[in-house]
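*Asks:*
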Amino acid sequence: MNIVDIINKKREKEELTREEIAYAFNSYLDGSIKDYQMSALLMAICINGMTDRETFDLVDIFIKSGDILDLSMIPGVKVDKHSTGGIGDKITLIIGPIVSSCGVIVPKMSGRGLGYTGGTIDKLESIKGFKTSLTEEEFIQELKDIGFAVTSQTSNLCPLDKVIYALRDVTGTTASIPLIAASIMSKKIAGGADKILIDIKCGNGAMMKTMDEALKLKNIMEKVGKFYNRETICEITDMNIPLGSNIGNALEVIEAIDVLKGKRGKLTDLALKISAEMIKISKNITYDMALQEASTALQSGKAYQKFLDFVKCQGGDINSLQVSDIKQEIKANKAGTVKNINALNIGKLSCHLGAGRINKEDKIDYGVGVVLNKIIDDKVEIGDTLFTLYKNKTEPIELIIDDYYEIN
Ligand code: URA
Numbered sequence: 004m005n006i007v008d009i010i011n012k013k014r015e016k017e018e019l020t021r022e023e024i025a026y027a028f029n030s031y032l033d034g035s036i037k038d039y040q041m042s043a044l045l046m047a048i049c050i051n052g053m054t055d056r057e058t059f060d061l062v063d064i065f066i067k068s069g070d071i072l073d074l075s076m077i078p079g080v081k082v083d084k085h086s087t088g089g090i091g092d093k094i095t096l097i098i099g100p101i102v103s104s105c106g107v108i109v110p111k112m113s114g115r116g117l118g119y120t121g122g123t124i125d126k127l128e129s130i131k132g133f134k135t136s137l138t139e140e141e142f143i144q145e146l147k148d149i150g151f152a153v154t155s156q157t158s159n160l161c162p163l164d165k166v167i168y169a170l171r172d173v174t175g176t177t178a179s180i181p182l183i184a185a186s187i188m189s190k191k192i193a194g195g196a197d198k199i200l201i202d203i204k205c206g207n208g209a210m211m212k213t214m215d216e217a218l219k220l221k222n223i224m225e226k227v228g229k230f231y232n233r234e235t236i237c238e239i240t241d242m243n244i245p246l247g248s249n250i251g252n253a254l255e256v257i258e259a260i261d262v263l264k265g266k267r268g269k270l271t272d273l274a275l276k277i278s279a280e281m282i283k284i285s286k287n288i289t290y291d292m293a294l295q296e297a298s299t300a301l302q303s304g305k306a307y308q309k310f311l312d313f314v315k316c317q318g319g320d321i322n323s324l325q326v327s328d329i330k331q332e333i334k335a336n337k338a339g340t341v342k343n344i345n346a347l348n349i350g351k352l353s354c355h356l357g358a359g360r361i362n363k364e365d366k367i368d369y370g371v372g373v374v375l376n377k378i379i380d381d382k383v384e385i386g387d388t389l390f391t392l393y394k395n396k397t398e399p400i401e402l403i404i405d406d407y408y409e410i411n
């Protein structure tokens with residue numbers, strides 16, 4: 004087989020056979036196909052898509068590139084959650100402790116940042132000492148002891164996704180329904196959970212920009228889940244404005260802690276909603292009963308204690324979180340009400356400050372990012388601080404406020 008023929012075929016919108024897909028992707032993993040060739044194929048897939056049959060084959064090839072975790076020795080229902088990624092999405096750090104403190108096991112296999120959105124693993128690495136790469140034994144032990152564990156892909160779990168994910172991040176090939184479905188569903192199935200909840204973000208700060216695209220992704224992911232006999236629920240949630248107020252790695256962990264300590268707002272509401280869905284499918288109870296359990300876990304402080312136990316178990320020092328002390332406040336140049344905050348542009352800005360990667364080798368600066376001082380519907384006077392940049396350079400950043408905030 005010849006990789007150039009396969010790229011040409013996809014460029015011409017033809018359907019690839021399973022053998023061609025397996026050849027291209029497995030040869031990339033073993034190094035015989037180069038970054039530039041795989042980048043071209045990914046771009047062709049991004050532009051021309053894949054049929055359901057090709058997508059099912061891709062999921063299967065990803066799964067078979069590594070091991071499948073057996074969690075059956077852990078008593079109880081195991082439910083995994085995954086987000087397609089959004090600006091300021093720190094929900095995993097909130098729902099993991101809530102759901103596990105309600106007695107449901109949450110095994111979480113997470114990724115690094117993708118596109119402008121930060122990944123859970125990068126966020127957790129802003130906690131000094133936090134070990135994000137667990138062995139299978141460590142992962143299972145923590146699930147038994149704490150009920151919640153987060154690891155980057157264990158050494159041999161979907162290794163193909165690991166390398167493709169890193170390449171997609173820096174080649175503009177993240178926003179593709181078949182590539183997202185294969186990436187997420189392969190990890191979820193190989194990760195061994197019984198049930199899966201996917202939070203599909205939709206809006207200008209998400210990979211799925213329209214409801215039509217989000218519904219297509221939901222459809223294929225639910226079909227894949229069913230095929231592998233894992234109950235899969237996809238929720239479509241808004242990503243036109245950033246989620247919460249903090250964007251950036253340490254900043255997002257700090258905000259997650261604030262929510263676990265009782266801060267209310269839209270972020271808390273969404274975390275409770277997703278937690279309730281996870282508890283509902285795991286315990287076979289009504290949504291209202293599940294929501295009550297989740298709210299009690301949060302209000303009683305049980306979920307926060309669970310978070311502390313989880314961080315300690317993975318070697319992290321919760322007191323080590325640090326944000327940059329070089330700040331720049333962006334002030335309003337007109338009065339009115341905040342009508343919109345552009346999630347995509349805030350995400351790009353945060354990435355530009357150093358919170359995300361442009362090249363595969365880039366090192367993240369955990370202490371930088373953006374804090375939104377004004378949120379939707381807030382009243383604003385001229386000179387009020389709209390948002391604050393946490394930077395690692397003192398030179399002021401020039402920006403056009405209207406690109407970020409709509410005030411009327
Ligand atoms: N999360 C993943 O793990 N993969 C994607 O492609 C998108 C979000």
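Just so we're aligned, residue 4 is where the sequence shown starts under our numbering, counting upward by one. Built from N, CA and C at the ideal position, the CB exists for glycine as well.
Is G88 a contact residue of the ligand URA, with contact defined as CB to any heavy atom under 6 Å?
*Replies:* To locate residue 88, count along the sequence shown from 1; it is residue 85. Correct: G88 has its Cβ closer than 6 Å to the ligand URA.
*Asks:* Taking three-plus beta-carbon pairs below 8 Å as touching, is the segment 51-67 in contact with the segment 208-218?
*Replies:* These segments do not touch.
*Asks:* Which term fits I403, buried or exposed, when burial requires 16 or more other beta carbons within 10 angstroms of its beta carbon?
*Replies:* In the sequence shown, the residue the question calls residue 403 occupies position 400. It is exposed - the Cβ of I403 has fewer than 16 other Cβ atoms within 10 Å.
*Asks:* Within 10 Å of its beta-carbon, does N159 have 16 or more other beta-carbons around it, so buried, or fewer, so exposed?
*Replies:* For this step, residue 159 is matched to residue 156 along the sequence shown. By the 10 Å Cβ count, N159 comes out exposed.
*Asks:* What distance in whole Å lies between the Cβ atoms of E409 and K342, which are believed to be in contact at a cut-off of 8 Å?
*Replies:* What you label residue 342 is simply residue 339 of the sequence shown in a count that begins at 1. What you label residue 409 is simply residue 406 of the sequence shown in a count that begins at 1. Contact holds; Cβ gap of about 5 Å.
*Asks:* Does the ligand URA have a heavy atom nearer than 6 Å to the CB of S68?
*Replies:* Taking the first residue of the sequence shown as 1, we reach residue 68 at position 65. Answer for S68: no, Cβ out of range of the ligand URA.
*Asks:* Quick one: give me the first and last residue of the beta strand (DSSP E) that S86 is part of.
*Replies:* By one-based count along the sequence shown, residue 86 stands at place 83. 82-86 is the span of the beta strand (DSSP E), which, as asked, contains S86.
*Asks:* E296 and I282 look like a contact to me (Cβ under 8 Å); what is the Cβ gap, rounded to whole Å?
*Replies:* Translated into the one-based positions of the sequence shown, residue 296 becomes position 293. Translated into the one-based positions of the sequence shown, residue 282 becomes position 279. Rounded, the Cβ-Cβ distance is 6 Å, consistent with contact.
*Asks:* Could you name the residues of the same chain whose beta carbon sits closer than 7 Å to that of T397, not counting the 5 residues immediately before and after it, in chain order?
*Replies:* By one-based count along the sequence shown, residue 397 stands at place 394. Same-chain partners within the cutoff: I329.
*Asks:* Quick one: is R267 buried, meaning 16 or more other Cβ sit within 10 Å of its Cβ, or exposed?
*Replies:* Along the sequence shown, read from residue 1 onward, the residue named residue 267 stands at position 264. It counts as exposed.
*Asks:* Compute every distance between the C-beta of K167 and the non-hydrogen atoms of the ligand URA, then say whether any falls below 6 Å.
*Replies:* As a position in the sequence shown, residue 167 is number 164, starting the count at 1. Position check: residue 167 holds Ile in this sequence, whereas Lys was assumed. Checking every heavy atom of the ligand URA against the Cβ of I167, none is found closer than 6 Å.
*Asks:* In the DSSP assignment, the beta strand (DSSP E) including F151 goes from what residue to what residue?
*Replies:* Counting from one through the sequence shown, the residue named residue 151 turns up at place 148. Its beta strand (DSSP E) spans residues 151-155.
*Asks:* Just verifying my parser: in three-state terms, what is the DSSP assignment at F59?
*Replies:* For the purposes of this step, residue 59 is taken as residue 56 along the sequence shown, with counting starting at 1. If DSSP states are grouped into helix, strand and coil, F59 belongs with the helices.
*Asks:* Do N243 and G194 have their C-beta atoms closer together than 7 Å?
*Replies:* Within the sequence shown, residue 243 is the residue found at index 240, counting from 1. Within the sequence shown, residue 194 is the residue found at index 191, counting from 1. No, they are not a contact pair.
*Asks:* Which stretch, first to last residue, makes up the beta strand (DSSP E) that contains Y412?
*Replies:* Because residue 412 is not part of the residues shown, which for the chain are 4 to 411, the question remains open.
*Asks:* If you draw a straight line from the alpha carbon of K309 to that of L127, how long is it in whole angstroms?
*Replies:* Along the sequence shown, one-based indexing puts residue 309 at 306. Along the sequence shown, one-based indexing puts residue 127 at 124. Approximately 15 Å, taken between the alpha carbons.
*Asks:* According to DSSP, simplified to helix, strand and coil, what is V173?
*Replies:* The residue given as residue 173 occupies position 170 in the sequence shown. V173: coil per DSSP, three-state reduction.
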